[in-house]
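*Asks:* Following this message is one structure expressed as structure tokens.
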Amino acid sequence: MLSRTPQTTAPADPSTPWPSFVPSLVDDLRDLIRYANEVLDSITEGTFDKGLEIDNLDSTAYGVIEACRWLQVHQKTPPTA
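Straight run, no breaks: the sequence shown in my numbering ends on number 417.
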């Protein structure tokens with residue numbers, strides 16, 4: 337469940353350039369899943385406080401959310417990889 341209402345607006349000017357983080361969104365989503373699995377593994381293995389899993393998950397999640405919000409507002413289809 338979303339903690340807030342999604343941001344939606346009318347489509348922006350189609351000439352607005354893609355931000356640098358949007359073309360890598362698919363790869364970032366794959367990384368996010370990998371990092372989430374690493375967090376899960378670290379919890380089950382008892383090494384939760386020993387690695388960078390949370391930092392990786394946090395920074396990647398933030399980038400994914402920002403890219404998704406940008407796409408949501410601009411109503412564009414991301415470029416294919």
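By construction, the Cβ of each residue, glycine as well, lies at the ideal position given by its N, Cα and C atoms.
Assess contact between the stretch 389-400 and the stretch 361-368, defined as three or more Cβ pairs (one per stretch) separated by less than 8 Å. Is contact present?
*Replies:* The answer is yes - the stretch 361-368 touches the stretch 389-400, with three or more Cβ pairs under 8 Å.
*Asks:* Alpha carbon to alpha carbon, how far is Gly387 from Ala372?
*Replies:* If I take the Cα positions, the gap works out to 13 Å.
*Asks:* Which of the three DSSP states is assigned to Arg405 in this structure?
*Replies:* Helix, per DSSP.
*Asks:* How far does the alpha helix (DSSP H) with Thr383 in it extend, from its first residue to its last?
*Replies:* No alpha helix (DSSP H) holds Thr383; DSSP gives it neither H nor E.
*Asks:* Helix, strand or coil: which one does DSSP assign to Ser378?
*Replies:* DSSP places Ser378 in helix when its eight states are reduced to three.
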